[in-house]
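Just below is one structure, and these are the notes that go with it.
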Amino acid sequence: MSSPQALGPILELKELHCVYGKKIRALKGVSLEVCLGEIVALIGNNGAGKTTMMRAIAGQLKPEQGTVNFSGRSIGGMPAHEIVRLGVCLVPEGRRIFPRLSVMENLEMGAYARPRADFKQEYEHVFGLFPVLGERRRQLGGTLSGGEQQMLAIGRAMMAAPKLLMLDEPSMGLAPVIVDKVFETISRINKEGVTIFLVEQNAKRALAAASRAYVMETGQIVLSGSASVLADNPSIKKAYLGLQ
Ligand SMILES: Nc1ncnc2c1ncn2[C@@H]1O[C@H](COP(=O)(O)OP(=O)(O)O)[C@@H](O)[C@H]1O
Ligand SMILES: [Mg+2]
């Protein structure tokens with residue numbers, strides 16, 4: 029079987045720059061690629077620019093310079109809903125579910141960019157991944173636990189049938205057993221054929237889940253390579269794995 033790298037990049041960033049206002053240069057020429065079928069992790073401290081990168085790829089932030097290619101097509105600066113329609117979905121940092129909508133209604137919001145009216149198969153798929161969401165389908169999003177809200181946020185993204193699923197800090201604020209469950213599901217979604225681009229401050233978990241990783245510091249990629257090699261790198265151990 030050919031390796032994911034041999035299948036070529038599904039996502040490719042070239043010299044991407046993003047700014048907030050005039051002064052805050054959050055991304056300073058970032059280049060990276062994610063190949064079809066891979067799990068790639070992006071690690072880095074708070075403020076490194078990870079969320080900015082995810083938002084720029086998802087079309088929620090317009091890059092100042094550089095290119096974003098998805099499946100060989102330039103998507104930089106395209107409206108967010110069109111990017112979703114092409115198969116790129118972001119599970120945002122902090123989950124951002126709709127607290128006053130039910131689980132079913134939250135999931136339905138994830139399918140908004142799709143043309144059909146009936147999403148029975150998609151709901152069933154999500155309830156298969158997260159049975160607890162099926163049990164609580166009529167409950168309001170805001171009444172779910174943190175872990176269930178994260179599951180709902182992932183489920184909502186899955187309703188759009190993504191080819192590339194991006195997750196921004198999915199383990200943030202969750203108890204270790206829930207983090208296990210979230211990472212198991214990420215791996216299962218990947219085995220179903222979805223390419224994963226994962227942002228984490230929890231470097232240990234991210235490097236264990238990914239095949240390759242990029243390390244970001246103040247808006248730039250400073251290191252990249254095989255996740256297992258990076259996990260053994262002394263400077264990574266010291267900077268990112270020391271306290272975990
Ligand atoms: N909406 C915003 N307005 C101004 N500056 C921002 C905004 N969002 C992020 N920043 C700044 O951009 C930099 C990168 O932030 P961010 O992408 O959120 O990093 P990370 O996700 O790695 O913690 C930081 O210096 C942060 O303060
Ligand atoms: Mg962030």
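Position one of the sequence shown corresponds to residue 29 (the numbering used here), numbered consecutively onward. Yeah, the Cβ is synthetic: ideal placement off N, Cα and C, and Gly gets one too.
Contact check, residue i vs residue j under 8 Å by CB: the rounded distance?
i    : j    : result
L226 : A236 : Actually they are not in contact, since the Cβ atoms of L226 and A236 sit about 11 Å apart, beyond 8 Å.
Y287 : I71  : The structure shown has nothing for residue 287, since the chain only spans 29 to 272.
Which one or two residues does DSSP pair with residue i in a beta bridge?
i    : result
Y284 : No statement about residue 284 is possible, as the shown extent of the chain runs from 29 to 272 and does not include it.
P37  : C63
R101 : F98
V227 : L70, D196
L157 : In DSSP, L157 forms no bridge with anything.
Compute every distance between the C-beta of residue i and the non-hydrogen atoms of ligand 2, then say whether any falls below 7 Å.
i    : result
K78  : yes
E294 : Given that the chain is displayed from residue 29 to residue 272, the structure contains no residue 294 and the question cannot be resolved.
E228 : no
E197 : yes
Examine ligand 1 and report whether any of its heavy atoms sits within less than 7 Å of the Cβ of residue i.
i    : result
N134 : no
Y48  : yes
I52  : yes
G72  : yes
G201 : no
G75  : yes
Less than 8 Å between the beta carbons of residue i and residue j, yes or no?
i    : j    : result
R233 : V207 : yes
L64  : I38  : yes
M179 : F158 : yes
A69  : E220 : no
L135 : L168 : no
V222 : K191 : yes
A181 : C117 : no
S199 : N230 : yes
M244 : K90  : no
E150 : A139 : yes
C46  : T95  : no
V58  : Q248 : yes
DSSP three-state label for residue i, please.
i    : result
N134 : helix
E197 : coil
M29  : No answer about M29 holds up, because its pLDDT of 42 lies below 50 and its placement is not dependable.
L180 : helix
A189 : coil
L44  : strand
V207 : helix
G57  : strand
I52  : strand
V257 : helix
Q167 : coil
L202 : coil
Q149 : helix
V222 : coil
L89  : coil
L269 : helix
L235 : helix
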